[in-house]
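Just so you know, the sequence shown maps onto residues 393 to 781 in my numbering.
Since the structure comes first, as structure tokens, the remarks are kept for the end.
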Amino acid sequence: MKLWIPFAVSAGSLLTIASFVGAGWDAPPVETTQIGYRGTGMYIHRDVENQEALKAANVVPAAPWEADPAGDRARDIYENVQVLGDLSDDQFNQFMASITEWISPEAGCNYCHNPENLASDEVYQKVVARRMIQMTQAINVDWQSHVGQVGATCYTCHRGQAIPVNYWYEDLEPKPAGGMTQNRAGQNVVAKFGGNSSLPQNVLKDYLLDAKQIRVHSTTALPTGTNLNGTKETEATWSLMMHMSESLGVNCTTCHNSRAFNAWDESPPQRVTAWHGIRMVRDINANYMVGLTPVFPDTRKGPEGDVFKVGCATCHAGVQKPLYGVSMLQDYVDSLAKKGPTDVPDFTTYQPGTTQRMAPAGQSSALQTKLTSETAAVVLPEASQTAND
Ligand code: HEC
Ligand code: HEC
Ligand code: HEC
Ligand code: HEC
393 MKLWIPFAVS AGSLLTIASF VGAGWDAPPV ETTQIGYRGT GMYIHRDVEN
443 QEALKAANVV PAAPWEADPA GDRARDIYEN VQVLGDLSDD QFNQFMASIT
493 EWISPEAGCN YCHNPENLAS DEVYQKVVAR RMIQMTQAIN VDWQSHVGQV
543 GATCYTCHRG QAIPVNYWYE DLEPKPAGGM TQNRAGQNVV AKFGGNSSLP
593 QNVLKDYLLD AKQIRVHSTT ALPTGTNLNG TKETEATWSL MMHMSESLGV
643 NCTTCHNSRA FNAWDESPPQ RVTAWHGIRM VRDINANYMV GLTPVFPDTR
693 KGPEGDVFKV GCATCHAGVQ KPLYGVSMLQ DYVDSLAKKG PTDVPDFTTY
743 QPGTTQRMAP AGQSSALQTK LTSETAAVVL PEASQTAND
């Protein structure tokens, strides 16, 4: 009769052992750094073995050669250079060689170009790349409050791949069963972008695309009715905080004293950098990524049809400072640390595969006429285009 007891005991111990040796459990050695006064619980814990792998994955590639800034300007040499026109020929070539290594080392130049016509914008990746150049310039010029002098290059996000490893999109929410579960608020499924927790799964669009307030903490000891945020908003904030912690490979204490999560005067300085980072990421997503939606094919979008967007992990990739704070920018000062023209073409008119120049309004030039008249045969007539839409 009492046979179930030994069974339960052995099943219990097996489960306990499994939880220690199974996936997701950090085995020692763990390295602990004290970052605040003794007794305040301000410690950062890091898995030592994991650190070795991260160090190996975060080595900065050297520039292919040192570019000569003298000589004719790219805009005078080439037909369709809209953003990088101020570079010298050598700087322009060095930049093309570098982005090939950073984005498409296997496919090479042809990943963005028709080799027969380098000036044409018929390959969609070239149109995206031009906008990404403007985006990276904006990061380095407008967001020094976050990226400092270290700055960012395409490599910070791309690391030799056309699509960065870490990005986010609107995840499909499971259908509710009905009744009381009707509004599940994105809960109790794996929140891939919220540290694989069961916290609300789709919060990044509120905080890293839209500018939803991140204020849930009460500032008084007893309820006064002034804090209208409840559990739901707090959990959404927490999900974002999990995304941020996971992206940087840190604990909450890197930015907060958990005694009072809201208090800025008790927070480490990293929290201020993170505050600017949140604003920077909103700017990147709202003003650069979303605008490219008509250019990207469906295979480059999430299940809800939105483009892949930038999160903290896109640059940070699990470390507190991307690439351990080593700057690549000094080799690309003229291309990426200052702004070229910031005008944007009307991306909704883009026709991939057609010889064309995707230029901002008012910039269509003799070149436009030249490009299209030469290849009139491949330009889709208006009518068939509308039929395709
Ligand atoms: C990741 C995409 C990408 C890759 C890879 C790439 N390019 Fe480019 N290329 C561009 C963009 C974007 C422009 C336009 C820049 C601008 O408008 O300021 C451009 C422009 C050019 C131009 C000027 C053409 C003209 O007449 O207007 C040349 C030449 C060129 N690239 C050569 C190369 C070579 C050679 C390689 C390989 C070593 C290469 N590119 C790889 C994106 C790319
Ligand atoms: C802040 C991060 C970030 C930076 C910096 C960045 N990119 Fe991107 N890039 C992305 C993301 C995310 C995507 C994927 C978007 C999608 O597929 O919906 C992308 C997509 C692209 C694509 C399209 C690839 C394809 O096959 O669809 C090209 C080309 C590209 N980037 C070029 C560049 C170049 C060139 C630079 C530097 C001038 C650069 N990127 C800088 C985040 C970044
Ligand atoms: C990389 C820095 C960083 C990390 C790591 C981080 N936070 Fe935050 N946290 C912030 C910033 C910045 C804000 C304020 C955001 C704003 O105002 O836009 C914030 C706000 C909050 C708030 C709201 C405070 C208020 O005034 O209502 C809570 C609660 C919070 N964080 C909890 C956490 C928890 C829990 C963790 C760990 C899972 C965590 N944070 C990890 C930077 C961080
Ligand atoms: C465009 C790439 C990029 C993105 C996206 C990005 N960061 Fe950063 N971040 C950087 C760079 C570069 C530094 C190093 C700046 C320096 O050393 O001056 C940095 C530094 C930081 C630091 C300071 C670390 C320290 O110890 O001083 C924090 C905290 C941080 N980022 C948080 C975030 C958060 C949170 C997000 C998402 C909301 C984010 N970052 C998104 C590039 C990025």
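Glycine is no exception: its CB is placed at the ideal position from the N, C-alpha and C atoms.
Outcome for residue i when other beta-carbon atoms lying within 10 angstroms are tallied against a minimum of 16
i	result
Trp535	buried
Ser537	exposed
Lys701	buried
Ala775	With a pLDDT of 38 at Ala775, under the threshold of 50, the modelled position of this residue cannot be trusted; read the value that follows with caution. It is exposed - the Cβ of Ala775 has fewer than 16 other Cβ atoms within 10 Å.
Ile491	buried
Leu620	exposed
Tyr547	buried
Asn472	buried
Ser496	buried
Glu782	No information on residue 782 is available, as it lies outside the stretch 393 to 781 that the chain covers here.
Ser659	buried
Leu684	buried
Asp723	buried
Gly586	buried
Gly732	buried
Ala666	buried
Ala449	exposed
Ala415	In this prediction, Ala415 has a pLDDT of 49, which is less than 50 and means its spatial position is unreliable; what the coordinates show is noted afterwards. Exposed, since its Cβ has fewer than 16 Cβ neighbours within 10 Å.
Ile397	exposed
Thr545	buried
Thr528	buried
Ala758	Note that Ala758 scores a pLDDT of 45, beneath 50, so its modelled location is shaky; the value from the coordinates is reported in the next line. Result: exposed.
Identity of the residues DSSP links to residue i by a beta bridge
i	result
Ser480	Arg465
Trp560	Lys701
Ala583	Ser589
Ile436	Thr425
Asn509	Asn506
Lys693	Val699
Beta-carbon gap between residue i and residue j smaller than 7 Å
i	j	result
Ser637	Ala583	no
Pro714	Cys707	yes
Leu596	Trp560	yes
Trp494	His550	yes
Met720	Val519	no
Asn532	Leu728	yes
Cys644	Gln662	no
Lys693	Val699	yes
Gln755	Leu640	no
Glu514	Asn506	yes
Ala489	Pro453	no
Ser589	Met634	yes
Pro421	Val451	no
Arg674	Ala603	yes
Asn677	His609	no
Val542	Gly717	yes
Met710	Leu446	The displayed chain sequence assigns Gly, not Met, to residue 710. Closer than 7 Å, so yes.
First and last residue of the uninterrupted alpha helix (DSSP H) at residue i
i	result
Thr665	662-676
Val520	516-534
Thr424	Note, Thr424: premise wrong, no alpha helix (DSSP H); beta strand (DSSP E) at 422-426.
His550	546-550
Val783	With the chain covering 393 to 781 only, the question about residue 783 has no answer from this structure.
Glu627	623-640
Val725	725-728
Lys567	First-last for Lys567: undefined, no H or E at that position.
Leu715	Where Leu715 is concerned, there is no enclosing alpha helix (DSSP H), given that its DSSP letter is neither H nor E.
Leu600	596-600
Whole-Å CB distance - residue i paired with residue j, under 8 Å assumed
i	j	result
Pro592	Gln579	6 Å
Asp482	Ala459	5 Å
Val475	Gln526	6 Å
Ser479	Ala466	One point to set straight first is that residue 479 is Leu, not Ser, in the sequence displayed. Right, the Cβ-Cβ distance comes to about 5 Å (below 8 Å), so this counts as a contact.
Asn509	Thr741	About 19 Å; that fails the 8 Å criterion.
Glu562	Glu696	4 Å
Met434	Gln443	Incorrect: roughly 20 Å between the Cβ atoms, too far for contact.
Ala530	Cys504	At roughly 20 Å, the Cβ-Cβ gap does not stay under 8 Å, so Ala530 and Cys504 are not in contact.
Pro752	Asp726	So it is not a contact: roughly 22 Å between Cβ atoms.
Thr432	Asn649	6 Å
Within-7 Å CB hit, residue i to chain D
i	result
Gly543	No chain D appears in this structure, which consists of one protein chain only.
Closer than 6 Å: residue i CB and nearest ligand 5 heavy atom
i	result
Val608	As presented, the structure is devoid of ligand 5, carrying ligand 1, ligand 2, ligand 3 and ligand 4 as its sole ligands.
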